[in-house]
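Heads up: the structure comes next, in structure tokens.
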Amino acid sequence: MNRVSVSQKDSCLFAVPDTFFTLLTGAGMSTESNIPDFRSKEGWWRKIDPRTVATTQALEDHYDLFHEFYSRRINGLKKCSPHIGHEILAHWERRGFIQAISTQNVDGFHKTAGNMNVYELHGNIHDIRCKECHSVASEEQLLSKDSCIQCGGHLRPGVVLFGESLPENSWDASLFHIRKSDLVIVIGTSLEVYPASNLPQMTNGKTVYINTEISRNRIQFDLVIKGKAGEVLRKVDE
Ligand code: BV8
2 MNRVSVSQKD SCLFAVPDTF FTLLTGAGMS TESNIPDFRS KEGWWRKIDP
52 RTVATTQALE DHYDLFHEFY SRRINGLKKC SPHIGHEILA HWERRGFIQA
102 ISTQNVDGFH KTAGNMNVYE LHGNIHDIRC KECHSVASEE QLLSKDSCIQ
152 CGGHLRPGVV LFGESLPENS WDASLFHIRK SDLVIVIGTS LEVYPASNLP
202 QMTNGKTVYI NTEISRNRIQ FDLVIKGKAG EVLRKVDE
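Sequential numbering from 2 applies to the sequence shown in the working numbering.
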């Protein structure tokens, strides 16, 4: 029988062998790598209206703004790398604790850090394709605002824009793992964005929420830990 030890009273999270974890991560997982999140004080959506850059309409109607926003994000990522928290999660997967990571992040850092079972619910910013014929293109082509060689269409990163469906395989796999996990650890997400926000409620296991801001959340967690992802994970890993 799998054993999970989660104690709200003592604010403890024990990593017990034979426990299956699934993680759900959000932009707060990567802020310690100097990548801004979306909705906190320094977040993107405090400076830019997401409707002008991160919707299907923006891609169709304001390609210049769309292109500028994603070029900034791609260039910004070049200076960043996974932090200790990402590395700890990779180590936990190698030790057989972590079954899967479902992430809303598009930076690919869980994979860079060494996690293999990663499901990217909102895609990956480095996967560049033509928005018309879906031919694969390079990041350099996007950054230099080239058009698609095959059909002349605009290039776009493989992120899920508002109004687009999530990749079916990532969604199905996330549901599968979350349903059969003993423990779901949710890190660095405001849980504002549907349908990823519904995932923590879909487990029969225990739930833990690690975040720097703890609002009165709609979702009840078995344990809430206020803190930075990297710092909390380092303590748990000690
Ligand atoms: C869909 C582009 C079906 C990618 C993003 C009205 C009501 C309800 C729902 C809707 C509605 N109107 C529309 C919808 C649906 C919509 C939605 O949910 N909107 C909300 C916002 C109202 N969802 C969709 O459209 C989704 N698709 O539903 O498909 C469909 C299809 C057609 C028609 C109808 C339905 C698609 C969602 C994809 C959204 N894409 N951006 C990109 O550029 O990256 S949104 C953006 O939010 C990012 O993608 C990001 O992944 C996502 C989630 O954000 P978080 O990761 O949670 O980040 P956030 O900043 O919010 O929070 C970070 C937290 O971490 C903070 O609390 C902070 O305090 C904390 N933190 C910071 N540092 C740390 C930390 N914690 C710990 N440690 C730290 N160091």
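Just so you know, even glycine gets a beta-carbon here, dropped at the ideal spot from N, CA and C. All of these numbers come straight from a predicted model, not from anything done at the bench.
DSSP beta-bridge partners of residue i
i	result
proline 158	Ile129
valine 209	Ile186, Leu224
glycine 124	Val160
valine 137	Arg130
valine 233	For valine 233, which the question treats as bridged, DSSP gives no partner whatsoever.
valine 119	Ile102
The beta strand (DSSP E) enclosing residue i, as first and last residue numbers
i	result
valine 185	184–188
Exposed unless 16 or more other CB atoms sit within 10 angstroms - verdict on residue i
i	result
asparagine 199	exposed
serine 139	exposed
serine 171	buried
glutamate 43	exposed
glutamate 94	buried
isoleucine 220	exposed
glycine 206	buried
serine 268	What the structure shows of the chain is the stretch from 2 to 239, and residue 268 is not part of that stretch, so it cannot be assessed.
isoleucine 150	exposed
proline 158	buried
lysine 229	buried
tyrosine 195	exposed
serine 103	buried
valine 137	exposed
Sequence-distant residues of the same chain with beta carbon closer than 8 angstroms to residue i, five excluded per side
i	result
asparagine 106	Thr26, Gly27, Ala28, Met30, Ser31, Glu121, His123
Span of the alpha helix (DSSP H), counted from its first residue to its last, around residue i
i	result
glutamate 214	No alpha helix (DSSP H) holds glutamate 214; DSSP gives it neither H nor E.
leucine 60	57–62
threonine 23	No alpha helix (DSSP H) contains threonine 23, which is instead part of the beta strand (DSSP E) from 22–26.
isoleucine 102	No alpha helix (DSSP H) holds isoleucine 102; the beta strand (DSSP E) holding it covers 99–104.
proline 51	51–54
phenylalanine 177	169–181
arginine 95	85–95
threonine 113	110–114
Contacting residues, own chain, Cβ-Cβ under 6 angstroms from residue i (five flanking each side not counted)
i	result
leucine 234	Gly86, Ile89
valine 187	Leu25, Pro201, Tyr210
aspartate 38	Ala28, Gly29, Thr32, Gly44
leucine 167	Leu122, Val161
Cβ shell of residue i (< 7 angstroms), same chain only, five flanking positions each side left out
i	result
glycine 63	As written in the sequence, residue 63 is histidine, which differs from the glycine given in the question. The answer, listed in chain order, is Thr53.
phenylalanine 67	Val54, Ala59, Leu60
threonine 56	Leu162, Phe163, Gly164
asparagine 35	Cys81
valine 225	Tyr210, Ile215
glycine 115	Ala91
phenylalanine 70	Ile49, Val54
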